[in-house]
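Heads up, the thing below is written out as structure tokens.
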Amino acid sequence: MPHLFPLLRTSLTTLILSCAVVPAWSQLRIGQPSGFTGSVAAGVKENTEGAQLYFDAVNAKGGVNGQKIELISVDDRFDPKVTVEVARDLIVQKKVLALFLNRGTPHAQALMPLLAEYKVPLVAPSTGAMVLHAPVHPWVFNVRATYQREAIRAIEHLAAIGMTRLAVLETDDSFGADAAAGAAKGFAEAKLSPVFQAKFPRENPVFTDLAGQVKASGAQAVLIFGSAGNTANAVKALRTSGSRAQVVTLSNNASDGFIKLLGEHGRGVIVTQVFPYERSVASPLIKEAMDLAKARGLDTVSPAMMEGFAAAKVMVEGLRRAGGSPTPEKLRDALESIRNYDMGGLKVSYGPDNHTGLDFADLSIVDASGRFRR
1 MPHLFPLLRT SLTTLILSCA VVPAWSQLRI GQPSGFTGSV AAGVKENTEG
51 AQLYFDAVNA KGGVNGQKIE LISVDDRFDP KVTVEVARDL IVQKKVLALF
101 LNRGTPHAQA LMPLLAEYKV PLVAPSTGAM VLHAPVHPWV FNVRATYQRE
151 AIRAIEHLAA IGMTRLAVLE TDDSFGADAA AGAAKGFAEA KLSPVFQAKF
201 PRENPVFTDL AGQVKASGAQ AVLIFGSAGN TANAVKALRT SGSRAQVVTL
251 SNNASDGFIK LLGEHGRGVI VTQVFPYERS VASPLIKEAM DLAKARGLDT
301 VSPAMMEGFA AAKVMVEGLR RAGGSPTPEK LRDALESIRN YDMGGLKVSY
351 GPDNHTGLDF ADLSIVDASG RFRR
């Protein structure tokens, strides 16, 4: 039957090409442009480790609707311009269904026009910037409280324990401005005003003079809104200046890597948190993450890992609802359909007028052993 050979060759070629285009081991591609190098690298790596922990567990059980998830993580060097470049490549070349868990307020803002242009959702940006919450952006789905909520909570706590002389140091970018706006609301509610407030550059700041000014102001506590590396350097400068002011920073620094950067100055630093205590087995969400971490040979999970873990759970729920042939548009609609999704003691809801997800805010303190305590 020689006449069948060309047909067989054609069919075999088609089969090989189709397999090459769509790898059987991964059909749900998610893109993560984030700062794997630079001043936020420690937290970004822990975010990603937490997300991968859940994705791996889902993939081990067959994936979502029979398809496995591939997280494609790309370093944007914590530079908003690079964020846009690598994100465009993820969308156009890698054909990702969504962008996911990128770090940085200016970076998320830089992505917003890209989301609208290509109609691709951004899920769980690792920032609490108010601009991502209000007004609602149709393609952005948050999975954490705002920085403003955290700043208000921090000032409430400081005022409640009798600290009224408070200083603020903020990075000179949209993240710093957003957090400072929350602090202003907190000051107003507590009927206080900062005794000293100043900005510092985002790139290579020198804190010697600012630390001296904080000390001279007699501040009992100082709120520092900046990246992990810059905040750690600010704390070291404060201690070198002789200031013993209580240091408070936000959840963007809620990582074990940040504690390592603080070194000998870590003890007593307060860090706001946007997820339950990472060692509380009473929380189903935490227990699930801890069990999976132990199965991987990890001793514990960090707050930054929990942010990634929770983000992955929301992503998986969206993919599940998007069906067997998801598109970015179907995923967006699926996410917006989520109502009271229980991810383990915390419920997430979205809708056309609400893409916030969660509003949980708490406080932690770094203890003598270099661990977060609540």
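Residue numbers (UniProt numbering): 1 to 374.
All C-beta atoms in this analysis are idealised placements derived from N, C-alpha and C, irrespective of residue type, glycine included.
Which residue comes first and which comes last in the beta strand (DSSP E) that contains residue 273? For residue 273, the enclosing beta strand (DSSP E) starts and ends at 270 to 273.
What residue from 88, 86 and 177 has the CA that sits closest to residue 128's CA? Looking at the Cα atoms, 177 is the closest of the given residues.
Closest Cα partner of residue 370 within the set 184, 47 and 258: Nearest of 184, 47 and 258 to residue 370, Cα basis: 258.
Buried or exposed (CB count within 10 angstroms, at least 16 for buried), residue 208: Under the 10 Å beta carbon count, residue 208 is surrounded by fewer than 16 other beta carbons and is classified as exposed.
Flag this pair as yes or no: are the beta carbons of residue 168 and residue 180 separated by less than 8 Å? In contact: residue 168 and residue 180 (Cβ atoms closer than 8 Å).
Contacts around residue 88, its chain only, beta-carbon distance under 7 Å, and the 5 residues preceding and following it disregarded: Result list for residue 88: 114, in chain order.
In this structure, how does DSSP classify residue 301 when only helix, strand and coil are distinguished? Coil at residue 301, not helix or strand.
So residue 132 and residue 47 are in contact, right, with Cβ under 8 Å, and what is the actual spacing, rounded? In fact, because the Cβ distance is near 16 Å, the residues do not count as touching under 8 Å.
At the level of alpha carbons, what is the spacing between residue 308 and residue 275? So the two alpha carbons sit approximately 11 Å from each other.
Using the beta-carbon count (16 or more within 10 Å), is residue 32 buried or exposed? The residue is buried, with at least 16 neighbouring Cβ atoms inside 10 Å.
Nearest-angstrom Cβ-Cβ length linking residue 147 and residue 250, presumed shorter than 8 Å: Right, their Cβ atoms sit about 6 Å apart.
Measuring straight from C-alpha to C-alpha, what distance separates residue 149 and residue 190? When rounded, the distance between both Cα atoms is 14 Å.
Which of helix, strand or coil does DSSP assign to residue 372? Shown here, residue 372 sits in a strand according to DSSP, grouped into three states.
Quick one: grab the DSSP three-state call for residue 376. As shown, the chain starts at 1 and ends at 374. That puts residue 376 outside it, with no answer to give.
Using the DSSP secondary-structure output, state which residues sit across from residue 171 in a beta bridge. Looking at the DSSP assignment, residue 171 forms a beta bridge with 200.
Who are the Cβ neighbours of residue 349 in its own chain at under 8 Å, not counting the five residues just before and after it? Excluding residues up to 5 positions away in sequence, 338, 339, 340, 341 and 357 lie with their Cβ nearer than 8 Å to the Cβ of residue 349 in the same chain.
Should the stretch 225 to 234 be regarded as contacting the stretch 252 to 269, the criterion being three or more beta carbon pairs within less than 8 Å? Judged by pairs of C-beta atoms under 8 Å, the stretch 225 to 234 touches the stretch 252 to 269, as three or more such pairs exist.
Going by DSSP, what residues sit across from residue 354 in a beta bridge? Note: residue 354 sits in a beta bridge opposite 351.
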